[in-house]
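Residue numbers (our numbering), protein chains in the order written: chain A, 2 to 349; chain B, 2 to 349; chain C, 2 to 349.
Backbone N, C-alpha and C fix where the C-beta goes; we use that ideal spot for every residue, glycine too.
All values derive from a computational prediction rather than experimental measurement.
Step one of this worksheet: look at the structure below.
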Amino acid sequence: MKIALKEIADLINGKISGPADVTISSVARIDDAKEGELTFLYLSAYEKYFPETKASAIIVKSYFNTSRSNITYIEVNEPDKAFAKIILQYFSPEFPLKGIDKTAFVDETVKLGDNVALGKNVVISAGCKIGDNVKIFHNTVLLENVEVGDDSIIFQNISIRENCKVGKRVIAHPGAVIGSDGFGFNPDEKGVYHKVPQIGNVVIEDDVEIGANVTIDRAAVGSTLIKQGVKIDNLVQIAHNVIVEENTVLASQVGIAGSTKVGKNCILAGQVGVIGHIELVDKTVLIAQSGVSKSIKKPGYYFGSPAKELRKAKVIEAHIRNLPDYSDRIKQLEEEIRNLKEKVNNKT
Amino acid sequence: MKIALKEIADLINGKISGPADVTISSVARIDDAKEGELTFLYLSAYEKYFPETKASAIIVKSYFNTSRSNITYIEVNEPDKAFAKIILQYFSPEFPLKGIDKTAFVDETVKLGDNVALGKNVVISAGCKIGDNVKIFHNTVLLENVEVGDDSIIFQNISIRENCKVGKRVIAHPGAVIGSDGFGFNPDEKGVYHKVPQIGNVVIEDDVEIGANVTIDRAAVGSTLIKQGVKIDNLVQIAHNVIVEENTVLASQVGIAGSTKVGKNCILAGQVGVIGHIELVDKTVLIAQSGVSKSIKKPGYYFGSPAKELRKAKVIEAHIRNLPDYSDRIKQLEEEIRNLKEKVNNKT
Amino acid sequence: MKIALKEIADLINGKISGPADVTISSVARIDDAKEGELTFLYLSAYEKYFPETKASAIIVKSYFNTSRSNITYIEVNEPDKAFAKIILQYFSPEFPLKGIDKTAFVDETVKLGDNVALGKNVVISAGCKIGDNVKIFHNTVLLENVEVGDDSIIFQNISIRENCKVGKRVIAHPGAVIGSDGFGFNPDEKGVYHKVPQIGNVVIEDDVEIGANVTIDRAAVGSTLIKQGVKIDNLVQIAHNVIVEENTVLASQVGIAGSTKVGKNCILAGQVGVIGHIELVDKTVLIAQSGVSKSIKKPGYYFGSPAKELRKAKVIEAHIRNLPDYSDRIKQLEEEIRNLKEKVNNKT
């Protein structure tokens, strides 16, 4: 591939400075780029690679000090987003999976859309409906009556259990499990647990992305619901009857317990845990490893286990680091009080 | 399905009040129920849905204020358990998987029980023994000499490695891995790690449930042992040579390190971590995200990382929230001492 | 199998004491051993089993009190490592998987080394290169252009996506996902997230072990890099563009966020989380459940969330446990100051 730098600059509304007659064959990280490649600089931590990068062109912020003359600059406001736009335009991966592999099983009752691709050993059980342009990769299994909307990509080794619904333009990564039984048991008087059958399903709306080895349990009754535009990272656990509202982001290894409702546009960072039967208001942001045991009613940043408002958590963390000092000062005060009491008493 | 409400009330020893001539077609959550459906009310947080629910009948506690007249009540002591009993009786899912699929591989040395169902592309390796009425879903793999007891359900995309034993009425959810190598390495003087072959197995006793994408490592030597009635939620990690005693519950994303023994009737809530080579006494309850680094010898509730008795942990957490106040008061005391000293010294 | 104890003692440079004319049929844990078996004693917690063990021989430290006469001792410096050496020599598992199963798919463009074993329903896509003596177990999928080096073992139900490279003598356990998309999205002004295509790959160097259900994301651009000798336990998450240097150990359920670099010979214990875009210096040791939000520049032990130097963290934890006492003492001091002030003022 050979792309004129001018065409790239036009795409991202960037201003070229330096040698303009450059063609780009690929994109690369600044510490990794070779001649003919385009890179970008966004975080200051990576500026140390600038003097040495072999990239032919670099996307930078408009106020960047363009000190080298043997590289071409494209100046924009947000280099990271501009770079992403270029990748999307010129370098988006194309998956060669095409057609229905002869080892794929498609029950005779299945409704397949146009241009569906099914990989090897795929199992599409009775009653499933698969939309147009859907790709389902090798060894993935859909049990009965699963629906998958148009243009979705379901990677390999994925399990979707019966009656679950997946929207349009959904991407599910390898090993994801959708619709496993919720964790519902009632103990008897001897402490033996008896399973409560989980008869609900999972509904995944449009434009959701589901990470590798994620688990989303089916509802006890009703639906576990992942709404439009939610992005779920690897190894996340979503329990039965959870609702995650639009455009919320769940980073890796987050766990959300049963019947909890997470609002819109929330961000739950890595390894956050949320207890069951509570609600997180829209625009709640939870810092990594936070644990939430009560509903959050005010948008904002929270941290800690149990989670506190971030500003308070930081103040408290500073106090915790001061504890050895406080302890010393209490001892010192006790000593001084003793001395002072003695002094005062001696004078009586 | 049409079930007379009277029949349902009899099943759960409930008392009907309101219109008795009702038939039930399905069950639903209170915020989701339609006409002809039965729902229940257990947690007070859901009472807000009571005035509007379209359910035809509702299971409630006996002291519930039966203020609406256009709904039929069934009064019981424990509405949640009664509801579960109804689901179990009338709405338990039936899996249509039947017979041995022609794409399933069954080694000629395998002993298959009566009425076994094997899905597509299932692999049952040499020396395996599969009990009566076992269902093994598509793309699941059993390596050599695995045993599965009667009436167990092994869902799709599961891996069970050689020599592992699974009891009766076990349910294993998609993506679970049973018998992967324990994490055993010895470092040499250069810091290079050398693998210790893991030659033990995993033994899962009867009535255990294993969540989606759970990992249970085989013992280095001997057996990793999950005893009768243990319930394991999704994405739990159980390391080599761990023993989990009867009727213990491990919630999602719990991790238990090597050779640790978890007692009977324990509850480890979500994301709890337990270090290796320790013991948790029977009836230990660990609140979510707790981290345990020493044996627990007294039954009860524990919280925190490192874990403390819950009562103590709560007291300490309250003190931690007061730290800014304590800091102010120490400063104030220092000020007052200074003033007082001056005053006393001035008088000498 | 019958091995003369003398041969075993020679292998581990051990000194036999007690009856020397013993043959060993197997190895076992001290609490589990039967006649004819060899066991070992390393941790003092297991000494309680010594008086009763039925083992015929036991590997002990040289200063061990050899009080029983009906058991043969082999004295060495490090019984655990000696035992591992014996297992490695005599009891290493042999996997019977041989040849290319007729249900395995191998694209015509694939380069297969000598003596490759491919299990049932394995998918090896176009452009892949598989080294000599590689074993790939049932239902594992390699997308296009994946390379696997000599002598590697890739267990069942594993997904390796396009263009990823796996070195020699690598072991990957069931359910691992290598090369899933990194978690890269840009939000627009409405809070809707737009996917950034992830066009890099994952490079796994030689002698790496990858646990069950681990997820390693492909780089946004460039490579996510796992260097030689790294050992990764089950359910670990490694995000896009992470670099893990040589001989580092990641215990179960660790999560490392994007673009972070973990140095050589580090140990990250269970459930540790590390934020993105930071660096951990060589020989960093993180205690279980620690959370790291800033680069660590000094080798050593760290604990807590946020992580502190272990020595400091222990001091602070002790102070935290003393908080109720500090609170009492502050109250007491305030009381005494009040009394003292009164006394002093009364005298004026």
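task: Enumerate, from N- to C-terminal direction, the unbroken beta strand (DSSP E) stretches of 3 or more residues contained entirely within the stretch 23-77 of chain A.
output: Unbroken beta strand (DSSP E) stretches of 3 residues or longer found wholly inside the stretch 23-77 of chain A: 38-41, 58-62 and 73-77, given in chain order.
message: Between G277 (chain A) and G259 (chain A), how many whole angstroms is the CB-CB distance? I'm expecting something under 8 Å.
response: Correct: roughly 4 Å between the Cβ atoms.
task: Please list, in chain order, all residues of the same chain as I155 (chain A) whose beta carbon is under 6 Å from its beta carbon, the five residues on each side excluded.
output: I137, T141 and A173, listed in sequence order.
Test: F156 (chain B) CB closer than 8 Å to a CB of chain C: Cβ-Cβ to chain C under 8 Å: no for F156 (chain B).
- prompt: From N323 (chain B) to I179 (chain A), what distance separates their C-alpha atoms?
  reply: Taking the straight line from one Cα to the other gives about 44 Å.
field: For V123 (chain C) and E109 (chain A), the rounded distance between their alpha carbons
entry: It is roughly 25 Å from the alpha-carbon of E109 (chain A) to the alpha-carbon of V123 (chain C).
- request: Below 6 Å CB to CB, which residues in the same chain sit around S27 (chain A) once its five sequence neighbours on both sides are set aside?
  value: Around S27 (chain A), the same chain offers E38 as residues with beta carbons nearer than 6 Å, after the five sequence neighbours per side are excluded.
- prompt: Got a sec: which bits of the stretch 250-263 of chain C sit with their beta carbon under 8 Å from any beta carbon on chain A, in order along the chain?
  reply: For the stretch 250-263 of chain C, residues whose beta-carbon sits nearer than 8 Å to a beta-carbon of chain A comprise Q254, G256 and A258.
- request: Round the Cβ separation of V149 (chain C) and G132 (chain C) to the nearest angstrom and send it over; I've been treating them as touching at under 8 Å.
  value: 6 Å between Cβ atoms; contact.
- prompt: Which residues, taken in chain order from the stretch 195-214 of chain C, show a beta carbon closer than 9 Å to some beta carbon of chain A?
  reply: From the stretch 195-214 of chain C, only H195, K196, V197, P198, Q199, I200, G201 and N214 have a Cβ closer than 9 Å to chain A.
query: Does DSSP classify E335 (chain B) as helix, strand or coil?
result: In this structure, E335 (chain B) counts as helix in the three-state DSSP scheme.
task: Given a cut-off of 8 Å, decide if T73 (chain C) and L12 (chain C) are closer than it, judged by their beta-carbon atoms.
output: In this structure, the beta-carbon distance from L12 (chain C) to T73 (chain C) does not fall below 8 Å.
field: Among C:E206, C:A213, C:Y194 and C:I257, nearest to G176 (chain C) - alpha-carbon criterion
entry: Comparing Cα positions, the closest option is C:A213.
field: Short Cβ contact (8 Å threshold) for I331 (chain C) with I331 (chain B)
entry: A contact, by the Cβ cut-off of 8 Å.
message: Taking its Cβ as the centre, do 16 or more other Cβ atoms sit within 10 Å of G301 (chain A), making it buried, or is it exposed?
response: Its Cβ having fewer than 16 others within 10 Å, G301 (chain A) is exposed.
message: If contacts are defined as beta-carbon pairs under 8 Å, then N235 (chain B) and S160 (chain A) qualify, I think. What distance do you get, rounded to the angstrom?
response: Wrong, their Cβ atoms sit about 12 Å apart, outside the cutoff.
message: With a threshold of 6 Å on Cβ separation, who are the neighbours of Y50 (chain C) within its own chain once the five nearest residues in sequence on each side are excluded?
response: Closer than 6 Å at Cβ, skipping near neighbours: I31 and D32.
C-alpha gap between K35 (chain C) and R312 (chain C), whole angstroms: So the two alpha carbons sit approximately 44 Å from each other.
- request: Could you say which of B:E76, B:D152, B:E190 and B:A270 lies nearest to G292 (chain B) if we only look at CA atoms?
  value: Residue B:A270 is the option with its Cα nearest to G292 (chain B).
- prompt: At a Cβ threshold of 8 Å, is G132 (chain C) touching chain B?
  reply: For G132 (chain C), the answer is no, since every Cβ of chain B falls outside 8 Å of its Cβ.
query: How many angstroms separate the CA atom of P198 (chain C) from the CA atom of A58 (chain A)?
result: Each residue's alpha carbon lies about 20 Å from the other.
query: Which value, in whole angstroms, describes the spacing of the CA atoms of N116 (chain A) and I125 (chain A)?
result: The alpha-carbon of N116 (chain A) is positioned some 16 Å away from that of I125 (chain A).
task: Look at the alpha carbon of G168 (chain C) and the alpha carbon of L143 (chain C), and state the distance between them as a whole number of angstroms.
output: Roughly 14 Å between the two C-alpha positions.
Selection from B:E210, B:N146 and B:E145 that minimises the alpha carbon distance to R170 (chain B): With distances taken between Cα atoms, R170 (chain B) lies closest to B:E210.
message: Against chain B, which members of the stretch 318-348 of chain C pass a CB distance test of less than 8 Å?
response: In summary, the residues of the stretch 318-348 of chain C whose CB is separated from some CB of chain B by less than 8 Å are E318, I321, R322, L324, P325, Y327, S328, I331, L334, E335, I338, L341, K342, V345 and K348, in the order they occur in the chain.
query: Exposed or buried, what is P325 (chain B) when buried is set at 16 or more other beta-carbons lying within 10 Å of its beta-carbon?
result: P325 (chain B) should be labelled exposed.
query: If you measure beta-carbon to beta-carbon, which residues of the stretch 153-180 of chain C are closer than 8 Å to chain B?
result: Result list: F156, Q157, N158, I172, H174, P175 and G176.
Residues of the stretch 268-282 of chain B with Cβ closer than 8 Å to any Cβ of chain C, in chain order: If the cut-off is 8 Å between Cβ atoms, the stretch 268-282 of chain B has Q272, G274, I276 and H278 near chain C.
Residue of C:K284, C:L251, C:E280 and C:Q254 minimising C-alpha distance to N266 (chain C): Of the candidates C:K284, C:L251, C:E280 and C:Q254, the residue whose Cα lies closest to the Cα of N266 (chain C) is C:K284.
message: By the 7 Å beta-carbon criterion, what residues does the stretch 21-33 of chain A contribute toward chain C?
response: If you check each beta-carbon in the stretch 21-33 of chain A against every beta-carbon of chain C, the ones closer than 7 Å belong to V28, A29, R30 and D33.
field: C-alpha distance - A83 (chain C) paired with I60 (chain C), whole-angstrom precision
entry: For A83 (chain C) and I60 (chain C), the distance between alpha carbons rounds to 8 Å.
query: Can you tell me whether DSSP reads Q254 (chain B) as helix, strand or coil?
result: The answer is coil: DSSP assigns Q254 (chain B) none of H, G, I, E or B.
message: Suppose the cutoff is 7 Å on Cβ atoms and the five residues either side in sequence are ignored; what does the same chain contact list for F186 (chain B) look like?
response: Around F186 (chain B), the same chain offers Y194, H195, K196 and V197 as residues with beta carbons nearer than 7 Å, after the five sequence neighbours per side are excluded.
message: Tell me the DSSP secondary structure of N346 (chain A) in three-state form.
response: N346 (chain A): helix per DSSP, three-state reduction.
field: Counterpart residues of A5 (chain B) in DSSP-defined beta bridges
entry: Bridge partners of A5 (chain B): B:T24.
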